[in-house]
Each structure stands twice: as C-alpha cells, then as structure tokens.
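Engineer:
Number of protein chains: 2
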Amino acid sequence: MDAVVPTHLNARKRPRQARAAVTLDAIFEATIQLLLSDGPERLTTTRVAERAGVSVGTMYQYFPHKQALIYALNGRYLDKVAQDVEAVCRAQHGAPVAEMVDALVGAYWKAKTARSDVTRALYRSAVELDTESLIESFGRRVDAATSAMFESAADARFADLAIVNTTVLTAIFGTVRSAFERNLQAPLMCGVHKQLVVMCLAYLEAVRLPATADMRAGAQT
Amino acid sequence: MDAVVPTHLNARKRPRQARAAVTLDAIFEATIQLLLSDGPERLTTTRVAERAGVSVGTMYQYFPHKQALIYALNGRYLDKVAQDVEAVCRAQHGAPVAEMVDALVGAYWKAKTARSDVTRALYRSAVELDTESLIESFGRRVDAATSAMFESAADARFADLAIVNTTVLTAIFGTVRSAFERNLQAPLMCGVHKQLVVMCLAYLEAVRLPATADMRAGAQT
DNA sequence: GGAGGATATGAAGGATTCTTCAGCTTGAGG
DNA sequence: CCTCAAGCTGAAGAATCCTTCATATCCTCC
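Quick mapping for you: the protein sequence lines, in order, are chains A and B. Our numbering applies: residue 7 is where the first sequence begins, and numbers increase by one. Our numbering applies: residue 7 is where the second sequence begins, and numbers increase by one.
Here you go:
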C-alpha cells in the first residue's frame, strides 16, 4: 500500500522502543473497537485515547491528525488482505481455473470474515476520508496478481483477460461487501459464498476461448 | 421504504404550500451537492442551509436534526430505485430468464448511473447513521419482487430459489457498488456491465433444474 | 381586506471536538 | 549512576457545530 500516499496523511514518527509499539497497537485496537461500538460519527480523539489507556497527546505523536489514524488503519488492513490474495495467486499459478476461483474466493472471503467486526468497522470508517488512493492501490495490486494467475491457467485462455479479470474481481469484492452490508445470517452468508464460486466459475466457463491444441495436450505454460 | 422507521428520524412536518415544497427540494439538492463536493464529514446544517439559499431554522422545521435529513434523503432515493426494479419485475413476469436478467441488471445499473453523482454521494453518506433499517427494507422489497419474477420464468425452475435469488441480487448490488467505488473509467465500466449480465446468466444456467415436460411444452405458469 | 396558520429568519446558547505545548517520566547506553 | 532522547501527560485554546426560539413575512381562504 505504499503508493501515492497523500503527504498530509503521513505518520508522524515510528515507534523505536518496545512500549511505543505496544501503545501504537493499543491505539489501533481502540480505534477499531470504537468504530464498532459507536460508529465513525462518534469516533473522537479523546475517546480513542481514553479507550487505549493513553493520553490524547500520545496519539498526536504518531499521527498528525485523526484522519491519518484512520488512513493508517485502513492501509494496514488492506495491505494484509492484498498479501493474502497475492499468496493465493502465487500458490495457484498454473492450476486449473476451477481451483483458482475456489482458492481466490475462499481467501478473500476468509480475509474478510476472519474478523468480520473489523471488516465492518473499516467499511464504515473508509467513507470518512479520501480512501480512494488506498482502494485504487489495493485494486491495482490485486488486479496484477489475479491477472497473472489466470493467464497461467492450465485449462483455459481468455480473449480479453483485462475485462474478464476486472469483472471477476469486481463481482467478488462487491458481493462480499454487499453480503456484509445486508447483514445476512450465517447460513445465507455461507450459501452465498458457495454460490459465488459457482457463479464465477460459470462465468469463466462461458467466456473462455475454445480449447487449443497445446492445452488439450496438457501443456503447463 | 415505509418500514420500521426509527421514530426519532421522522420528518417534522410535510410541506403544505408550494413554496415549502420548493424549499424542501432545495434542501435535498443542496445536501447532495455538498455531500459530493465536500464529503459527509463536512456536511453541516449551516452549509446546507446556505447552499440551499434558506436559513438554518428552515431546515429544522422539516427535520428534527441532521440525521433525519440524511435518512430522508436515502429513503427517497432507495424508494425510487426499488420502484424501478419492481416495475421491471412486473414487466418481465413470465419471460425467459435471459430477458429477465438483462432487464434487471439494466434497470439497476441505469438507476445507479442515471445520476452517478447522487449515487456516489449517498453511498458515502449512508454510513453515517443507522441506514441498516433502510437497506434491509430495500433488500426485502427487491427480494420479493425478483423472487416472484424468477419463479414465473418461462424456461427455468430452480431448486432453492431463495439462495439463488439472494446470490444474484447480492452480486448485482455489490458489483455495481464496487464498480463505482473503484471509479472505473467509462469503457471498463460499460464492459463490466455487459459482463455482469453474462455472469448472472451463466450462473442461473448452471443452477437451474433440468427442463420439465410442461416447460418443454411451453406452458407459462 | 384581514385573520390565522404556514414559513422563514438568524443571532446566540450550549456542547463537542481537534490539536498544541510545556513539563514530567521512563528506558537505554556509556 | 548519569545523561539524554524517547515517550507520555492533560489542561486549555481555538474552532466548529447543532439546535432553539422569539420575531417577521407570506399565503390562503373566508
């Protein structure tokens, strides 16, 4: 997530001692908790500090202002999700499309549901500020990873991979988000997850090019 | 959207004279514009009033507080979208699945892109408050409409329509939202739209039950 | 034309919030 | 043990913001 970070959102300084790192974590955790319990509207610097068990001034030693805090929180999170996705893409390089999709959706879903509270809190916080740069950066990163993966598929080729890839990603991101937003109950949630895999697969099957000779021969590149 | 409206969000009074209606529209419009230009963070009652060319007190004659204003704005909008979708569902009653999907996605996409600025503004504002009741209500309404539509399909039946329907809707809602959020350029945007139809169709094709005798005979109910 | 309700005004009160800074505490290295 | 940088504190200033209400203006209908 180290791309085009609006300068005014830079962190103020990095922790050098152990206790500072602890403090920083406490601040992040407090932010998440407050975001969850009271919503972004009531997220104030004072409350964050209080919840984190530190003083307001302490927070201002690490962040120039409130927005920078939220920005950093989102960056941290998106970075982790992106890493997970990238790992999956590497692992599935050269695999059949079916496995790719299953793994991709699974990874993204897992990353989002692992701490669904955090996910929800961040979905809410993100609106407060210019997260576009973060999202865009995240999008590009994942785009590249999945693109490379699909390109290496053992059993399929696509005419216009760019649009196909974007579509699949947009659908996955969106469906997950939408599912969260509609607050679907566990069983429905789980059902939608499985159906999402089916849907992506059906789509890719529909738009793939007819098999070529080398693919039928089982070539891996 | 007339379901479980949190009482504290009720409008204060309805306009009875023509000029009052004009004022109200101006307030709504001003809210949208400010949401767009400055984001929800900087949406203040004073600014809304100023932009609308009225006094702050005027707004407080129609809304008990700021939240009620945003709530009403969202309600208004979702209601319109729901109406559009319901109309399409009625029109496509008994049609082939392919046409249904095309019409459904088209209608939703159109409703969202007709004034994409407004859509974006509301996507941003909605997080500020308890819009869950609105979204849930909207979801149920659309769910019912599309469910009834798909059930009447001339050329397909589904084993578990509930989950299939939810999946399709979640995917459509989400994909549209995601496309907006990622701020895709026009061509990509258009591409995703078309691909979304392909995707939904491919999915429905994959999960439909094998054709029955009466369907092959062309029965419509 | 005039009475009374519907609308509109906008200064001011009350409540928060963000951010700073001068001074204090803690920890690490010599 | 001592020194100095790193880390922490929290009262207070400055800036908004939300909301009210007493007052003024506009419509409508008799």
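The C-beta atom is built at its ideal place from N, Cα and C for all residues, glycine as well. Just so we're clear, the structure is a prediction, and the values are computed from it rather than from any experiment.
Mapping DSSP to helix, strand and coil, what is R214(B)?
Structural biologist: strand
Engineer: Considering only residues of the same chain and omitting the five flanking positions on each side of R147(A), which have a CB-CB separation below 6 Å?
Structural biologist: A88
Engineer: Taking the straight line between their C-alpha atoms, what separation do you get for S158(A) and E92(A)?
Structural biologist: 14 Å
Engineer: Let me know the secondary structure DSSP gives F164(A) once reduced to three states.
Structural biologist: strand
Engineer: What's the C-alpha gap between R57(A) and A36(A)?
Structural biologist: 6 Å
Engineer: Between V87(A) and chain B, is any beta-carbon pair separated by less than 9 Å?
Structural biologist: no
Engineer: When the Cα atoms are used, what is the spatial distance from V94(B) to L175(B)?
Structural biologist: For the pair V94(B) and L175(B), the Cα-to-Cα distance works out to about 14 Å.
Engineer: Alpha carbon to alpha carbon, how far is R130(A) from D123(A)? Give it in angstroms, no decimals.
Structural biologist: 11 Å
Engineer: Can you name the residues of chain B whose CB is closer than 8 Å to the CB of I169(A)?
Structural biologist: Close partners of I169(A) in chain B (Cβ separation under 8 Å): L194, G197, V198, Q201.
Engineer: Along chain A, in chain order, which residues have C-beta atoms closer than 9 Å to that of G81(B)?
Structural biologist: Ordered by position in chain A, no residue passes the 9 Å Cβ test against G81(B), which lies about 16 Å from the chain.
Engineer: Would you say A38(B) lies against chain A (beta-carbon separation less than 9 Å)?
Structural biologist: Here residue 38(B) turns out to be Ile, not Ala, going by the sequence shown. Taking Cβ atoms only, chain A never reaches closer than 9 Å to I38(B), which makes this a no.
Engineer: Please classify D108(B): does DSSP put it in a helix, a strand, or coil?
Structural biologist: Here DSSP, grouped into helix, strand and coil, assigns D108(B) to helix.
Engineer: Of all Cβ atoms in chain A, is any one closer than 9 Å to the Cβ of M205(B)?
Structural biologist: yes
Engineer: Between H99(B) and the rest of its own chain, which residues show a CB-CB distance below 7 Å, the 5 nearest in sequence each way excluded?
Structural biologist: Cβ-Cβ distances below 7 Å link H99(B) to M155, S158 in the same chain, with the five nearest sequence neighbours on each side left out; the list follows chain order.
Engineer: Along the chain, where does the alpha helix (DSSP H) containing A17(B) start, and where does it finish?
Structural biologist: A17(B) -> no alpha helix (DSSP H), and no H or E assigned at all.
Engineer: Pull out every residue of the segment 51-79 of chain A whose Cβ sits closer than 7 Å to any Cβ of chain B, in chain order.
Structural biologist: none
Engineer: Between which two residues does the alpha helix (DSSP H) holding E47(B) run?
Structural biologist: Here E47(B) belongs to no alpha helix (DSSP H), and DSSP marks it neither H nor E.
Engineer: Tell me which residues share the same chain as K116(B) and place their Cβ nearer than 6 Å to its Cβ, disregarding the 5 neighbours each side in the sequence.
Structural biologist: Non-local C-beta neighbours of K116(B) in its own chain, meaning closer than 6 Å and more than five positions away in sequence, are absent.
Engineer: For E157(B), go through chain A and note every residue whose CB falls closer than 7 Å to its CB, in chain order.
Structural biologist: Under the 7 Å cutoff, chain A gives no residues; its nearest Cβ is about 18 Å from E157(B).
Engineer: Should the segment 21-37 of chain A be regarded as contacting the segment 50-70 of chain A, the criterion being three or more beta carbon pairs within less than 8 Å?
Structural biologist: yes
Engineer: Skipping 5 residues on each side, what residues in its chain have a beta carbon closer than 6 Å to that of Y83(B)?
Structural biologist: L128
Engineer: Check distances from the C-beta atoms of the segment 179-193 of chain A to those of chain B and list, in chain order, the residues that come in under 8 Å.
Structural biologist: F179, G180, T181, V182, R183, S184, A185, E187, R188, N189, L190
Engineer: Helix, strand or coil for A225(A), going by three-state DSSP, please let me know.
Structural biologist: The pLDDT assigned to A225(A) is 45, lower than 50, so where the model puts this residue is not dependable, and the model offers no usable value.
Engineer: If you draw a straight line from the C-alpha of A78(B) to the C-alpha of T29(B), how long is it?
Structural biologist: 15 Å
Engineer: CA-CA distance, T230(A) and S153(A)?
Structural biologist: In the structure displayed, chain A extends from 7 to 227; residue 230(A) sits before or after that span and is not available.
Engineer: Between the C-alpha atoms of L40(A) and M195(A), what's the straight-line distance to the nearest angstrom?
Structural biologist: Rounded to whole angstroms, L40(A) to M195(A) spans 25 Å at the Cα level.
Engineer: With the cut-off set at 9 Å, would you say N189(A) and E138(B) are in Cβ contact?
Structural biologist: yes
Engineer: Check the Cβ of G100(A) against every Cβ in chain B and list those closer than 7 Å, keeping chain order.
Structural biologist: Ordered by position in chain B, no residue passes the 7 Å Cβ test against G100(A), which lies about 24 Å from the chain.
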